[in-house]
Amino acid sequence: MTKSEQFKLIEFTPQDEIVSRYIEKYQYYQIEKETWIKSLPNARLDCWFIFEGALNIWDESKKCFCTAPVNGGYPATNSSLLFHIPKKLSCINIKLYLNSLTIPFFRYLYPANPFLNLSKCYNHTLQINQKNVYTQGSLNIKYLDKWALQLISTAQSDITIESLVEIIHKQKIISVKELSAESNLSSRNLQRVTKKAFNLSPKELLTVFRFSQTTSYLKANPQKAFIDALSFGYYDQSHFIRECRRISGSPPKELFSNMTFSTSDLMILD
């Protein structure tokens with residue numbers, strides 16, 4: 137079995153305009169061998185549904201791997217997660233922008249608890265059916281968009297969260313002072329807002345966004361040198377290397393060589 141057959145990832149973006157404001161992409165994973173995977177901070181919320189196989193997550197408090205719920209999720213954080221697939225795994229992962237926190241359901245993801253069974257938090261009509269999701273090697277985007285619209289219909293307007301996410305996404309904000317100025321919030325109010333909304337300090341939030349944007353760019357443009365990371369707000373190349381080691385546990389070269397999937401926030405470990 138070739139590596140491409142052992143690790144399959146199919147990604148699609150939402151077709152519905154409303155859904156695309158909250159969901160970045162749908163990901164269908166199919167893994168056919170025992171695997172260890174490390175997730176990296178990605179400035180997104182992730183919500184998964186396991187169709188076949190099992191997924192274990194390292195529990196730091198217990199110092200062992202524990203079984204993940206069939207339907208679980210994890211919020212944007214400044215730390216990594218270590219996963220173990222014992223034999224095989226077939227699942228869908230939904231990657232959401234941070235403005236999805238205006239949808240009450242996703243508040244269940246805070247504080248971060250990857251062992252929370254999200255199936256207990258919503259009506260059974262929100263369960264995703266595998267037969268409706270993945271057919272003939274393709275994802276049924278219309279079905280997934282329809283599922284997502286049920287959640288989005290409960291979204292509550294929060295201008296502050298929407299504005300902060302938009303500012304960080306569209307502008308190259310590299311300091312808390314700049315974010316404070318652009319958002320028209322005092323440093324104290326900014327601290328209060330980001331802690332309450334994302335459970336991250338303004339500095340942590342910016343760090344996660346910066347690392348996510350940089351790794352995504354370099355993954356998509358492998359011909360580019362790491363020096364290009366400077367355009368995302370790093371002081372110099374050594375600054376990016378240090379932060380890469382701190383966040384991922386690996387230097388940049390090792391990080392990108394272990395990114396077997398097309399996505400830029402997962403490392404497959406030996």
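Position in the sequence shown (from 1) plus 136 gives the number in the working numbering.
The beta carbon of each residue, even a glycine, is placed where N, CA and C say it ideally should be.
field: CA-to-CA distance, Ser-216 to Phe-148, given in whole angstroms
entry: Distance between the alpha carbons of Phe-148 and Ser-216: 24 Å.
Pick from Ile-264, Thr-296 and Leu-354: whose alpha carbon is nearest that of Asp-281?
Measuring C-alpha to C-alpha distances from Asp-281 to each of Ile-264, Thr-296 and Leu-354 identifies Ile-264 as the nearest.
Exercise for review: Inspect the beta-carbon positions of Ile-173 and Leu-405 and report whether they are closer than 8 Å.
Suggested key: In this structure, Ile-173 sits near Leu-405, with a CB-CB distance shorter than 8 Å.
| Does DSSP classify Ile-404 as helix, strand or coil? | Note: Ile-404 maps to strand in three-state DSSP.
*Report the residue ranges of all beta strand (DSSP E) runs contained in full by the region 332 to 383; include only those spanning at least 3 residues, in chain order.*
Secondary structure remark: continuous beta strand (DSSP E) runs of at least 3 residues inside the region 332 to 383: none found.
Going by the CB atoms, is the gap between Thr-290 and Ile-230 shorter than 8 Å?
Contact: no.
Per DSSP, Lys-224 is paired with what? Within the DSSP secondary-structure output, Lys-224 pairs in no beta bridge.
Candidates Arg-324, Leu-218 and Thr-213: which alpha carbon is nearest Asp-195's? The shortest C-alpha separation from Asp-195 is found at Leu-218.
> Which of the three DSSP states, helix, strand or coil, is assigned to Asn-265?
Replying inline: Note: Asn-265 maps to coil in three-state DSSP.
Decide if Gln-179 is buried, meaning its Cβ has at least 16 other Cβ atoms within 10 Å, or exposed.
Per the sequence shown, the amino acid found at residue 179 is Ala instead of Gln. The residue in question, Ala-179, is buried, as its Cβ has 16 or more Cβ neighbours within 10 Å.
Using a Cβ-Cβ cutoff of less than 8 Å, which residues in the same chain neighbour Ile-154 once the five nearest sequence positions on both sides are dropped? Counting only Cβ-Cβ distances below 8 Å, and skipping sequence neighbours, we find Leu-285 and Ile-288.
Can you give me the Cβ contacts of Glu-160 inside the same chain, cut-off strictly under 8 Å, excluding the 5 residues immediately before and after it?
Cβ within range, chain order: Thr-149, Arg-180, Lys-231, Leu-232 and Tyr-233.
By the three-class DSSP mapping on this structure, what secondary structure does Lys-144 have? Here DSSP, grouped into helix, strand and coil, assigns Lys-144 to strand.
**Prompt:** Nearest-angstrom Cα distance between Gln-292 and Glu-298?
**Reply:** Cα to Cα, the separation comes out at about 11 Å.
### Message
Which of the three DSSP states is assigned to Leu-191 in this structure?
### Response
Under the three-state reduction of DSSP, Leu-191 is assigned to coil, being neither helix nor strand.
* For chain D, is any of its Cβ atoms less than 8 Å away from the one on Gly-385? -> The displayed structure is made up of one protein chain only, and chain D is not part of it.
So Ser-215 is in the alpha helix (DSSP H); what residue range does that whole segment cover?
Note, Ser-215: premise wrong, no alpha helix (DSSP H); not H, not E.
Quiz item: Opposite Ile-230 in the DSSP bridges: which residues?
Solution: DSSP, once it has assigned bridges, lists Tyr-162 and Cys-183 as partnering Ile-230.
message = Give me, in chain order, the residues of the same chain whose beta-carbon lies closer than 7 Å to that of Gly-189; leave out the 5 immediate sequence neighbours on both sides.
response = So the qualifying residues of the chain are Ile-221, Lys-223, Lys-224, Leu-225 and Ser-226.
Item to complete: Starting from the C-beta of Thr-351, find all residues in its chain whose C-beta is less than 6 Å away, skip the five residues before and the five after it, and write them out in chain order.
Response: Answer for Thr-351: Ser-400, listed in chain order.
By a C-beta neighbour count over all protein chains shown, 10 Å radius and 16 as the cutoff for buried, is Thr-271 buried or exposed?
Counting Cβ neighbours within 10 Å, Thr-271 comes out exposed, since fewer than 16 surround it.
- Item | Cβ contact (3+ pairs, closer than 8 Å) linking the region 351 to 371 and the region 385 to 392 | Enough Cβ pairs lie closer than 8 Å, so yes.
Query raised in the report: Do Pro-211 and Tyr-246 have their C-beta atoms closer together than 8 Å?
Result: Yes, the pair counts as a contact, with Cβ atoms nearer than the cut-off.
*Could you give the C-beta distance for Gly-369 and Ile-310, rounded to a whole number, given that I count them as a contact under 8 Å?*
Their Cβ separation, rounded to whole angstroms, is 3 Å, which keeps Gly-369 and Ile-310 in contact under 8 Å.
Taking the straight line between their C-alpha atoms, what separation do you get for Thr-213 and Arg-243? For Thr-213 and Arg-243, the distance between alpha carbons rounds to 14 Å.
Applying the criterion that 16 or more other CB atoms from any shown protein chain within 10 Å of the CB defines a buried residue, is Tyr-371 buried or exposed? Of the residues assessed, Tyr-371 falls on the exposed side of the cut-off, its CB having fewer than 16 other CB atoms within 10 angstroms.
Per DSSP, Ile-167 is paired with what? Ile-167 is bridged by DSSP to Phe-143 and Leu-225.
Is the beta carbon of Gln-359 less than 8 Å from the beta carbon of Ala-365?
-> No, Cβ-Cβ distance for Gln-359 and Ala-365 is not below 8 Å.
#### Entry: Tyr-210 - containing beta strand (DSSP E), residue span
Unbroken beta strand (DSSP E) run through Tyr-210: 207 to 210.
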